[in-house]
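Student: Numbering-wise (my numbering), the sequence shown opens with residue 603 and increments by one.
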Amino acid sequence: MPGVFRIASAFTLAAIFSPLAAHAAAPLEAYGKLPAIEQVQISPDGADVAVVVTNGEDRELMVQHLADRKLTNRLTVGAAKIRLIQWAGPEHIVITTSRTGVQGGLEGPRREYFLAFDFNLSTHKIRQLLTDVRNGLTSLAGMPMVRKVDGKPTVFVDGIYGNEGGELSVYRIDLDRDTSSMIQEGFPQTDAWLLDPNGAIVAQTTYDDRDHDWTLKVKAGAGWRQVKTIHAELETPALLGFGRDGHSLLVREFSDNAYHYHEVSPAGDWSEPLPIPEGAAPIADPETHRMIGVGGLAGDDERYVFFDPADQKVWDSLRATFKGQRVSLESWSTDRKKIAVKVDSPSEGPDYAIVDLTTRQATWLGGAYDTLKPEDISPVKPVRFKARDGMELTGYLTLPQGKDGRNLPLVMFPHGGPAARDEPGFDWWAQAMASRGYAVLQVEFRGSEGYGYDFLKAGFGQWGRKMQTDLSDGVRYLVAQGVADPKRVCIVGASYGGYAAMAGPTLDPGVYRCAVAYAGISDMRSFVPWVREQSGKESRHYVLRFIGAKDTSDPVLSEISPAAHVDKVNVPMLLIHGKDDTTVPIAQSRIMADALRSAGKPVEFVVLDSTDHWLTRGETRLAMLKAVVAFLEKNNPPN
603 MPGVFRIASA FTLAAIFSPL AAHAAAPLEA YGKLPAIEQV QISPDGADVA VVVTNGEDRE
663 LMVQHLADRK LTNRLTVGAA KIRLIQWAGP EHIVITTSRT GVQGGLEGPR REYFLAFDFN
723 LSTHKIRQLL TDVRNGLTSL AGMPMVRKVD GKPTVFVDGI YGNEGGELSV YRIDLDRDTS
783 SMIQEGFPQT DAWLLDPNGA IVAQTTYDDR DHDWTLKVKA GAGWRQVKTI HAELETPALL
843 GFGRDGHSLL VREFSDNAYH YHEVSPAGDW SEPLPIPEGA APIADPETHR MIGVGGLAGD
903 DERYVFFDPA DQKVWDSLRA TFKGQRVSLE SWSTDRKKIA VKVDSPSEGP DYAIVDLTTR
963 QATWLGGAYD TLKPEDISPV KPVRFKARDG MELTGYLTLP QGKDGRNLPL VMFPHGGPAA
1023 RDEPGFDWWA QAMASRGYAV LQVEFRGSEG YGYDFLKAGF GQWGRKMQTD LSDGVRYLVA
1083 QGVADPKRVC IVGASYGGYA AMAGPTLDPG VYRCAVAYAG ISDMRSFVPW VREQSGKESR
1143 HYVLRFIGAK DTSDPVLSEI SPAAHVDKVN VPMLLIHGKD DTTVPIAQSR IMADALRSAG
1203 KPVEFVVLDS TDHWLTRGET RLAMLKAVVA FLEKNNPPN
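1. From this set, VAL1013, MET993, GLU994 and ASP991, which residue's C-alpha is nearest LEU1001's C-alpha?
2. Using the C-alpha atoms, what's the distance from LEU731 back to PHE716?
3. Once you ignore the five residues that flank PRO604 on each side, which residues in its own chain have a CB closer than 7 Å to its CB?
4. Given a threshold of 16 other Cβ atoms within 10 Å of its Cβ, counted over all protein chains shown, does ALA1117 qualify as buried or as exposed?
5. Pull up the distance between the alpha-carbon of PHE758 and that of ASP776, whole angstroms please.
6. Among the candidates ILE956, ALA652 and LEU673, whose CA atom is the shortest distance from the CA of VAL929?
7. Between the alpha carbons of VAL651 and HIS694, how many angstroms are there, rounded?
8. In the DSSP assignment, what are the bridge partners of ARG928?
9. Name the one or two DSSP bridge partners that ILE1162 has.
10. In this structure, how does DSSP classify TYR1053 when only helix, strand and coil are distinguished?
11. For the region 655-673 against the region 888-908, do three or more pairs of beta-carbon atoms, one drawn from each stretch, fall closer than 8 Å, so that the two count as touching?
12. The alpha helix (DSSP H) with ILE1193 in it runs from where to where?
13. Any heavy atom of the ligand GTP closer than 7 Å to the CB of PHE856?
14. Let me know the secondary structure DSSP gives GLU994 once reduced to three states.
15. Using a Cβ-Cβ cutoff of less than 8 Å, which residues in the same chain neighbour ALA669 once the five nearest sequence positions on both sides are dropped?
16. In angstroms, rounded to a whole number, what distance separates the CA positions of GLY870 and HIS833?
17. Excluding five sequence neighbours on each side, which residues of the same chain lie with their C-beta closer than 7 Å to the C-beta of LEU841?
18. Measuring alpha carbon to alpha carbon, tell me which of VAL1094, LYS1005, ARG1048 and ALA1151 ends up nearest GLU994.
19. Identify whether GLN914 lies in helix, strand or coil by the three-state DSSP scheme.
20. Alpha carbon to alpha carbon, how far is LYS1228 from VAL1113?
21. Does DSSP put ARG1127 in a helix, a strand or coil?
22. Along the chain, where does the beta strand (DSSP E) containing ASP660 start, and where does it finish?
23. Quick check on the DSSP output: the alpha helix (DSSP H) that includes SER1074 runs from which residue to which?
24. Between the Cα of THR698 and those of ILE728, LEU673 and LEU899, spot the shortest distance and give me the residue it belongs to.
25. What are the start and end residues of the alpha helix (DSSP H) that includes MET747?
26. At the level of alpha carbons, what is the spacing between ASP1056 and GLY691?
27. Under DSSP, the beta strand (DSSP E) around TRP966 begins and ends at which residues?
28. Can you tell me whether GLY680 is helix, strand or coil according to DSSP?
29. Take ALA628 as the anchor and find which of ASP953, ILE979, LEU686 and LEU1210 has the nearest alpha-carbon.
30. Going by the beta-carbon positions, is the gap between ASP545 and ALA1165 smaller than 8 Å?
31. Taking contact to mean at least 3 C-beta pairs separated by less than 8 Å, is the region 1096-1105 in contact with the region 1005-1022?
32. Suppose the cutoff is 8 Å on Cβ atoms and the five residues either side in sequence are ignored; what does the same chain contact list for PHE1233 look like?
33. Assign PRO1262 to one of two classes, buried (16 or more other C-beta atoms within 10 Å of its C-beta) or exposed (fewer than that).
34. Suppose the cutoff is 7 Å on Cβ atoms and the five residues either side in sequence are ignored; what does the same chain contact list for LYS1203 look like?
35. Classify SER1155 as buried or exposed, calling it buried when 16 or more other Cβ atoms lie within 10 Å of its own Cβ.
36. Measuring CA to CA, which of GLY897, SER724 and TYR763 is closest to THR733?
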C-alpha cells in the first residue's frame, strides 16, 4: 500500500473456504514487512479518520474526510516508532513516539523514552510538546490525556519535574498557543494521577518502595484525603479511571488469589468486586470517561460486554455482520455512532473497517497485510491436551496450506512474557513459517495470562522447569495425533520464548532438531541483577515468583541458565539480537554464543543494527525472518 490507504464500500466480508489449488508461496516480504495499517482513530465529531500507514521503512499519518473520502492531511514521520495517535478536537492530532537511547538530563543505561508531538491540521505544522518546560524533562511519564476545559479540547501529560529523581507532575498544554504549564507538582512517592473530563485533578496514588505500601488519595479542597492503603510487595493496585457512574474511581487490586475491580466512592467506600471476566479490560466512554463496558480476549473469543442493553445490542449486531471473524474495537466518535474495528478473517487476515451506525454501512480502510491472498494464509485451529502432570493446556496450531496435516515438520513457537499469551487468528511470524511447509504450534504454557489466576500461579517457580516441559508435551501430543514427525521438530522463540528456545536443547534435550532464539535470555545469573537495577519492583515479581529464586545469588539461577548447560547441546542453534534492545540486553546472546563456541557446539549469531526488542523497524524485522526461515530450511528441511 504505497503512499495511500484504500477505502471501498462493503458491508460484509466473504470468507473463502473452498479448497485451494497448489501455488507458489508468497515471498517472505509479504509476511515480514511492517503492517500496512498500524492504527486507526476516528475524530471526535466522526467526520474524519486518522490512519498510521507504512510505506517500506517509513510511517505516514494520513487524515481522510469520510463523507467525500478526500485526503486532507498527510504527514511523513519516517522511521519513528509511533506508539499512539489521539485526536484533540477536530484540528489537532497528538502523536506519541518512542526512541531508544539516553535523554539529556538522565543518567544510566540506554532505555526507551517517549515523546509527544502536536500535529496542527489547519497549519500542517508539527511541534514537540514539553520543550518549553523549565527544570523538567521533555520525555513523557505516561500517555497524553485529552480533556475539555471550558469546552475546548486540551492536552494534559504526566512529566518529570526536577530532572533525574524528580517528581511525577502534571502539565497542561495549550495547543493553540503552543505553551506548557505545570498545574500540579508531584510528591516524592506519587506514581499516578487521575483527571476528570474537565481536566481537574481528582485523585492520585503513591507507592512507598521501602515499605511497599500503595495509597489512594482523593482531592479534598486544597489538600488530599487518604482513602485506602494496601500493602503490596508484588501486585501493586492500579487506578484505572472512573466507574460506571462517572464519579466513583475504578481500582484494580489483587486479593484472595485473584484480580478484582472495585468502584471507590468520593467518600471512600470500597465496593464489592465487579463482575469483570478474566482477560477483560474496562471500556471508557470517549466523552465522559466513565466505564461503559469491558472487553478483551476470553479464551479463544474476543468478547465485549456493555452495561447498557442498547450498547450491547449494537455490538452484537456488529459482530453478526462479520460472522465467523474476530472483531475488536479500535476507536469511535464521541457519540459512538461511528466505530472503527479490526476484523481478523480466517481466510484474509486482519483488515480495518469503519461502521456507520446511522447509515448502517461499513467502509473498508485496507488490510494490515494487503499483499497476501487467501491462499497465502494458513488455517489456525485451537488444540487442547494434557501436560505430563495432568494439567489441562491449550494452544494454537497453524497448518500449512495444501498439506494433509499428517507427519509434518513442526516448529514449536512459544510466546514471550512469560506472563503473556498467544492469540487466535493471524500471526505474521507463524504464518510465514507455515507458508514454508511447517506446522506451527503455539502453546499456552502454565504461567500464561488470560486463563485465570490459578493457571498463572501454576507457573510460579516453573521458569525453565514445567513451563518448559509443557512445550515438549505439546510436541508429544501432536506426534501421538500423527500431525508431527518427531524427527523433524525445531523450536523458535523471542524474548522469554527466546529463553525457551535456548532451554530446549540445554534443559530439555532430545526433543528438538534445531533451535532459534531472538532476544533470548541465556544467563539468569547476570540477567536477574540487571533487571533489578532497571526495575526493582519488576525484578521482585519475576525473581520471587516465576523464577523461584530467593535472591540474586540463589543457585537456582545457574540451574535454569541455558548458558551453564551448553555441554548438553547436540543440535545447531541460531541466535539473533538487536543492538537497541533495552528489555533483554544483547549481552545475553553474546554469553550464549561464546559458551557454545567454547564448548565446540554449532552456533550462528546474527546481530541486527538499530533494532529494539519489538522489531519495530521493517528492514530488520524482515532480516530476522529471512534468517530464521533459511536456518529452518537448512537444518530441518520441510520436504
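The C-beta atom is built at its ideal place from N, Cα and C for all residues, glycine as well.
Since the model is a prediction, treat every value here as computed from it, not as a measurement.
Tutor: Put simply:
1. VAL1013
2. 11 Å
3. Bear in mind that a pLDDT of 33 at PRO604, under 50, signals an unreliable position, so the number given afterwards is only what the model happens to contain. Correct list, in chain order: ASN657.
4. buried
5. 9 Å
6. ILE956
7. 12 Å
8. ASP946
9. Answer by DSSP bridge pairing: none, since ILE1162 is not bridged.
10. coil
11. no
12. 1189-1200
13. No copy of the ligand GTP appears in this structure; indeed no ligand is present at all.
14. strand
15. ALA649
16. 18 Å
17. ALA794, LEU796, ALA805, THR807, LEU818, LEU851 and VAL853
18. ARG1048
19. helix
20. 24 Å
21. helix
22. 660-667
23. 1068-1082
24. ILE728
25. Taken as a continuous stretch (DSSP letters only), MET747 belongs to no alpha helix (DSSP H), being part of the beta strand (DSSP E) at 747-751.
26. 44 Å
27. 963-969
28. strand
29. ILE979
30. What is shown of the chain runs 603 to 1241, which leaves residue 545 out entirely.
31. yes
32. CYS1116, VAL1118, PRO1174, LEU1176 and GLU1206
33. Since the first residue of the chain shown is 603 and the last is 1241, residue 1262 is not available in this structure.
34. VAL1168 and VAL1171
35. exposed
36. TYR763
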